[in-house]
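Novice:
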Amino acid sequence: ILAKYEQGKERFRTPARVKLAVAAFTPDRFGREVNPSDAEIKAFYETNSDRFRTEEQRLVSRIVLPFGKNDRDAVRKKAEEILAKASKGKAEFDALAKSYARGKNAEAWVSRKDAGPALSEPLFQAAVDTVVGPIELPGSFVLARVNRIRFPETLPLSQVRDRVVEQIRHEKGKDLAVVKAYEALPKATAAKSVKATAAAFGVPVVETGWVGAEGAPGLPPALVQEALLLPSGEVAPVKTVGDAHYLFQVTAKEDSRLPPLSEVRDKVAAEVVREKKAAAARSALLQVIAASNTPEELEANARKAGLSSSLTGWFAPLSEPVPEALAGAGDIRRDLSALSAKAPVSRKVYQEREGNLLAVAFSGEKFPSDAEWAQKKDGLLKGVAQQKQNEMLEAFLSDSVKSVKVEISPEALK
Numbered sequence: 020i021l022a023k024y025e026q027g028k029e030r031f032r033t034p035a036r037v038k039l040a041v042a043a044f045t046p047d048r049f050g051r052e053v054n055p056s057d058a059e060i061k062a063f064y065e066t067n068s069d070r071f072r073t074e075e076q077r078l079v080s081r082i083v084l085p086f087g088k089n090d091r092d093a094v095r096k097k098a099e100e101i102l103a104k105a106s107k108g109k110a111e112f113d114a115l116a117k118s119y120a121r122g123k124n125a126e127a128w129v130s131r132k133d134a135g136p137a138l139s140e141p142l143f144q145a146a147v148d149t150v151v152g153p154i155e156l157p158g159s160f161v162l163a164r165v166n167r168i169r170f171p172e173t174l175p176l177s178q179v180r181d182r183v184v185e186q187i188r189h190e191k192g193k194d195l196a197v198v199k200a201y202e203a204l205p206k207a208t209a210a211k212s213v214k215a216t217a218a219a220f221g222v223p224v225v226e227t228g229w230v231g232a233e234g235a236p237g238l239p240p241a242l243v244q245e246a247l248l249l250p251s252g253e254v255a256p257v258k259t260v261g262d263a264h265y266l267f268q269v270t271a272k273e274d275s276r277l278p279p280l281s282e283v284r285d286k287v288a289a290e291v292v293r294e295k296k297a298a299a300a301r302s303a304l305l306q307v308i309a310a311s312n313t314p315e316e317l318e319a320n321a322r323k324a325g326l327s328s329s330l331t332g333w334f335a336p337l338s339e340p341v342p343e344a345l346a347g348a349g350d351i352r353r354d355l356s357a358l359s360a361k362a363p364v365s366r367k368v369y370q371e372r373e374g375n376l377l378a379v380a381f382s383g384e385k386f387p388s389d390a391e392w393a394q395k396k397d398g399l400l401k402g403v404a405q406q407k408q409n410e411m412l413e414a415f416l417s418d419s420v421k422s423v424k425v426e427i428s429p430e431a432l433k
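First residue of the sequence shown: 20, per my numbering; consecutive thereafter.
#1: How would you label ILE168, buried or exposed, when you count the other beta carbons within 10 angstroms and need 16 or more for buried?
#2: Between GLY87 and GLY152, what straight-line distance do the alpha-carbon atoms span, to the nearest angstrom?
#3: Below 8 angstroms between beta carbons: does that hold for GLU290 and LYS23?
#4: Measure the alpha-carbon distance for VAL83 versus PHE63 and round it to whole angstroms.
#5: Using a Cβ-Cβ cut-off of 8 angstroms (strictly less than) and excluding sequence neighbours within five positions of GLU172, which residues of its own chain qualify?
#6: On a CA-only basis, which of SER302, ALA146, ALA362 and PRO85 is nearest TYR369? Give me that one, please.
#7: Taking Cβ to Cβ, would you say ARG32 is nearer than 8 angstroms to GLU273?
#8: Would GLU253 and ALA40 qualify as a contact pair, given that the criterion is a beta-carbon distance under 8 angstroms?
#9: Starting from SER382, follow the beta strand (DSSP E) in both directions and report where the run begins and ends.
#10: For LYS28, which residues in the same chain have their Cβ closer than 7 angstroms to its Cβ, ignoring the five residues on either side in sequence?
#11: Relative to the C-alpha of PHE143, which residue among ALA120, PHE170, ASP69 and GLN244 is closest?
#12: So is GLU318 buried or exposed if we call it buried at 16+ other beta carbons inside 10 Å?
#13: Buried or exposed for THR66, going by 16 or more other Cβ atoms inside 10 Å?
#14: I need the straight-line Cα distance from ILE427 to VAL224, nearest angstrom please.
#15: Check SER311 in the structure and name its three-state DSSP category.
#16: For the 8 angstroms Cβ check, are there 3 or more pairs between the stretch 193–205 and the stretch 110–120?
#17: When you compare the stretch 184–192 with the stretch 99–106, are there three or more beta-carbon pairs, one atom per stretch, that lie closer than 8 angstroms?
#18: What is the C-beta distance between VAL243 and VAL230, in whole angstroms, given that I count them as a contact (C-beta under 8 angstroms)?
#19: Please state whether the Cβ-Cβ distance between SER365 and ALA344 is less than 8 angstroms.
#20: Using DSSP with H/G/I as helix, E/B as strand and the rest coil, what is SER359?
#21: Is SER419 helix, strand or coil when you go by DSSP?
#22: Does any C-beta atom of chain C lie closer than 8 angstroms to the C-beta of ALA289?
#23: Using the C-alpha atoms, what's the distance from SER329 back to ARG322?
#24: Indicate the three-state DSSP secondary structure (helix, strand or coil) for ILE154 in the structure shown.
#25: Measure the C-alpha to C-alpha separation of LEU21 and PRO314 and round it to an integer number of angstroms.
#26: Assuming contact is defined by CB atoms lying nearer than 8 angstroms, are LEU176 and LEU266 in contact in what I supplied?
#27: Helix, strand or coil: how does DSSP classify VAL425 here?
#28: What did DSSP end up calling GLU430 once you bin it into helix, strand or coil?
#29: The beta strand (DSSP E) with LEU326 in it runs from where to where?
#30: Can you give the Cα-Cα distance for PRO80 and VAL94, rounded to whole angstroms?
#31: If I follow the unbroken beta strand (DSSP E) through PRO85, where does it start and stop?
#32: With DSSP as the reference, identify every bridge partner of HIS189, one or two as the case may be.
#33: What are the boundary residues of the beta strand (DSSP E) that includes SER159?
#34: Between the C-alpha atoms of SER356 and GLY158, what's the straight-line distance to the nearest angstrom?
#35: Compare the C-alpha of LEU44 against each of ALA246, LYS107, VAL213 and GLN186 and name the closest.
#36: Can you look up LEU305 in the DSSP assignment and give me helix, strand or coil?
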C-alpha cells in the first residue's frame, strides 16, 4: 500500500480553493440613473443614425417541394424543371406555387434573419422579379421569387427615442463603471474589505462558497484563476471582463496539499486489490491459452480454471458488427479474421468495455448462399463512388463468416 501511494500520490493532491467577495461594477448599474437631456438625445441620434435603421426586407413567394430518403434526386430534378417555367413571370410562378402548395402559400416580407442561412444569401443578392433555387433545406427544395425590396431606412427620432435613451445610458454607464471601480479599489484596499466599500458605492457583493480551478457560476474564469494565486484577505486589482469591472477579495483560502497516506489509505488499498485481481485473472487466462490448441481445449481448460465460456452467433469479422460479447475489445477484427481451422486459438488477451478479460478461438465458418451473395453484392455496388469496388469485393469474398469462442474471467476486475 505504501509503495502504491508513493508511486502515484500526486493523484490524491487536493487543489487550492478560495472563498471570494465579488462586486461587479457594470454599465447597467451605473447607467440606470442617467437622464439625458433632449439636446443629448438629439445629438446622439444624429451621430449614430446608422444604429436606428430598418433591416432590408424582401417580399418573397415560395414553391416548396418536400422529399424523402428515397426520392431526393427525383425531387431536385423536378424542381429544376419547375424553375424554368416559374422564371417566365409572376403569373406563372404564382400558378405553379398554387398547384404545389399544401396550405397557405401567400407572399411574405422577410429579413435576412427570417430567411435563414441557406436562403438569405441567394435571396438577398437577387434582383426584383428574379427566381432563385432550387435551394436545399432539411427535407425539401425551395424556389423563391423576389417580388419587391424594402431598402433600409433611418427611423424617425420619435419612433426610437426610448432606444436612444437606453443606449446613452449604457454608454455613460460604461464610463461611470470604470471610474467608480478604480475609485473604490484604494478604499477597499485601505479598509481591507470589498464588502463594506462596495456597499458605499451601491454595488451588491456576492460572497461565494469554496471555489477551485473549475470555477463557479456567474464568475469569469479569469477572475477565479487570479484569485487562486492570491493570499487570504488580499484585495485584488480591478479585473475587467467585457464591460464589467470586478472588485474582489479572497476572504479565505486553502492551499494545494498532498494528503498523508492515513487520509487516503482506503482508496489506495482498493486500487491495490483491483490490480492484484486483474493480474491474477490475466495470469489464469494466459495459462488457459498456453495449454490450448483447439477451441475444444480452450473451453475445457477454461472450465477447469473456473472460467465461463460462450459461443457467438455467425458474423463476418471484417464487414459486420462484432457480437456484444466482443464489443469494446479494441481493434479485434483483423485478429479474428486471421484465425482459421489450422490456427484457431488467439494468443492474445483482450479486455472488453466492462473491464473483463477475454480469450477467443475460431470455432467454425460457413460461406454465404448464392441468394445471400447476390443480395450483398447489390449493396456493395451502390458504394462504388465512395470506395474502391475491387477492394470491397475481394474483402467480402475472402471474409468468411466465422464464429468465435469467448472466455471471460468473471471476477477479474470487480
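Here a beta-carbon is modelled for each residue, glycine too, at the ideal position from N, C-alpha and C.
Everything numeric in this text was worked out from a predicted model, so none of it was measured.
Specialist: The short version:
#1: Position 149 of the sequence shown, counting from 1, holds the residue named residue 168. If you draw a 10 Å sphere on the C-beta of ILE168, you find fewer than 16 other C-beta atoms in it, and that means exposed.
#2: Against the sequence shown, residue 87 aligns to sequence position 68. Against the sequence shown, residue 152 aligns to sequence position 133. Rounded to whole angstroms, GLY87 and GLY152 show a C-alpha spacing of 19 angstroms.
#3: Here residue 290 is taken as the residue at index 271 of the sequence shown, counted from 1. Here residue 23 is taken as the residue at index 4 of the sequence shown, counted from 1. Contact: yes.
#4: Counted from its first residue, the sequence shown places residue 83 at position 64. Counted from its first residue, the sequence shown places residue 63 at position 44. For VAL83 and PHE63, the gap between their C-alpha atoms comes out near 45 angstroms.
#5: To locate residue 172, count along the sequence shown from 1; it is residue 153. Within the same chain, Cβ atoms closer than 8 angstroms to the Cβ of GLU172 are found at ARG72 and THR73, the five residues on either side in sequence being excluded.
#6: The count along the sequence shown starts at 1 and reaches residue 369 at position 350. Nearest of SER302, ALA146, ALA362 and PRO85 to TYR369, Cα basis: SER302.
#7: Reading the sequence shown from its first residue, position 13 is the one you call residue 32. Reading the sequence shown from its first residue, position 254 is the one you call residue 273. No.
#8: Looking up residue 253 in the sequence shown gives position 234. Looking up residue 40 in the sequence shown gives position 21. No. Outside cutoff.
#9: Sequence index remark: in the sequence shown, residue 382 carries index 363 (1-based). It spans 376–385 - the beta strand (DSSP E) in which SER382 sits, taken as one unbroken run.
#10: Taking the sequence shown and counting its residues from 1, the one referred to as residue 28 is at position 9. Cβ contact annotation for LYS28 (same chain, cutoff 7 angstroms, sequence separation greater than five): LEU277, in chain order.
#11: Taking the first residue of the sequence shown as 1, we reach residue 143 at position 124. It is PHE170.
#12: By one-based count along the sequence shown, residue 318 stands at place 299. Classification of GLU318: buried, given that the 10 Å Cβ count is 16 or more.
#13: For this step, residue 66 is matched to residue 47 along the sequence shown. With a threshold of 16 other beta carbon atoms within 10 Å, THR66 falls short and is exposed.
#14: By one-based count along the sequence shown, residue 427 stands at place 408. By one-based count along the sequence shown, residue 224 stands at place 205. Per-residue confidence for ILE427 stands at a pLDDT of 45, beneath the threshold of 50, marking its modelled position as unreliable; no derived number is given.
#15: Locating residue 311 in the sequence shown gives position 292, counting from the first residue. Coil, per DSSP.
#16: Three or more beta-carbon pairs separated by less than 8 angstroms are not found between the stretch 193–205 and the stretch 110–120, which leaves the two stretches without contact.
#17: Counting C-beta pairs closer than 8 angstroms gives fewer than three between the stretch 184–192 and the stretch 99–106, which falls short of the contact rule.
#18: Mapped onto the sequence shown, residue 243 falls at position 224. Mapped onto the sequence shown, residue 230 falls at position 211. That pair is a contact at about 6 angstroms.
#19: As a first step, residue 365 is located in the sequence shown; it is residue number 346 there, counting from the start. As a first step, residue 344 is located in the sequence shown; it is residue number 325 there, counting from the start. Cβ atoms of SER365 and ALA344: not closer than 8 angstroms.
#20: For the purposes of this step, residue 359 is identified with residue 340 of the sequence shown, where counting begins at 1. Three-state DSSP puts SER359 in coil, outside helix and strand.
#21: Here residue 419 corresponds to residue number 400 of the sequence shown, with the count starting at 1. Because the pLDDT of SER419 is 45, which lies under 50, any placement of that residue in the model is unreliable, and the number read from its coordinates should be weighed accordingly. Note: SER419 maps to coil in three-state DSSP.
#22: Looking at the structure shown, chain C is missing, and only one protein chain is on hand.
#23: In the sequence shown, residue 322 corresponds to position 303, counting from 1. In the sequence shown, residue 329 corresponds to position 310, counting from 1. It is roughly 11 angstroms from the alpha-carbon of ARG322 to the alpha-carbon of SER329.
#24: The residue you call residue 154 lines up with position 135 of the sequence shown. Three-state result, ILE154: strand.
#25: Sequence index remark: in the sequence shown, residue 21 carries index 2 (1-based). Sequence index remark: in the sequence shown, residue 314 carries index 295 (1-based). For LEU21 and PRO314, the distance between alpha carbons rounds to 43 angstroms.
#26: On the sequence shown, residue 176 is found 157 positions in, with the first residue counted as 1. On the sequence shown, residue 266 is found 247 positions in, with the first residue counted as 1. 8 angstroms or more divides the Cβ of LEU176 from the Cβ of LEU266.
#27: Locating residue 425 in the sequence shown gives position 406, where the first residue counts as 1. With a pLDDT of only 42 at VAL425, under 50, the local geometry of the prediction cannot be trusted, and no value is derived from it.
#28: The residue you call residue 430 lines up with position 411 of the sequence shown. With a pLDDT of only 45 at GLU430, under the threshold of 50, the placement of this residue in the model should not be trusted; the figure read from the coordinates follows. Collapsing the DSSP output to three states places GLU430 in coil.
#29: Along the sequence shown, one-based indexing puts residue 326 at 307. Premise fails: LEU326 is in no beta strand (DSSP E) and is neither H nor E.
#30: Along the sequence shown, read from residue 1 onward, the residue named residue 80 stands at position 61. Along the sequence shown, read from residue 1 onward, the residue named residue 94 stands at position 75. The displayed chain sequence assigns Ser, not Pro, to residue 80. For SER80 and VAL94, the distance between alpha carbons rounds to 19 angstroms.
#31: On the sequence shown, position 66 is the one that residue 85 refers to. Under the DSSP assignment, PRO85 falls in the beta strand (DSSP E) whose first and last residues are 76–85.
#32: To locate residue 189, count along the sequence shown from 1; it is residue 170. Answer by DSSP bridge pairing: none, since HIS189 is not bridged.
#33: Within the sequence shown, residue 159 is the residue found at index 140, counting from 1. The continuous beta strand (DSSP E) containing SER159 extends over residues 159–169.
#34: Taking the first residue of the sequence shown as position 1, residue 356 is located at position 337. Taking the first residue of the sequence shown as position 1, residue 158 is located at position 139. Near 41 angstroms, if we compare the C-alpha coordinates of GLY158 and SER356.
#35: Here residue 44 refers to the residue found at position 25 when the sequence shown is read from its first residue. Inspection of the sequence shows that residue 44 is occupied by Phe rather than by Leu. Each of ALA246, LYS107, VAL213 and GLN186 was checked against the Cα of PHE44, and the nearest Cα belongs to VAL213.
#36: On the sequence shown, position 286 is the one that residue 305 refers to. It is helical.
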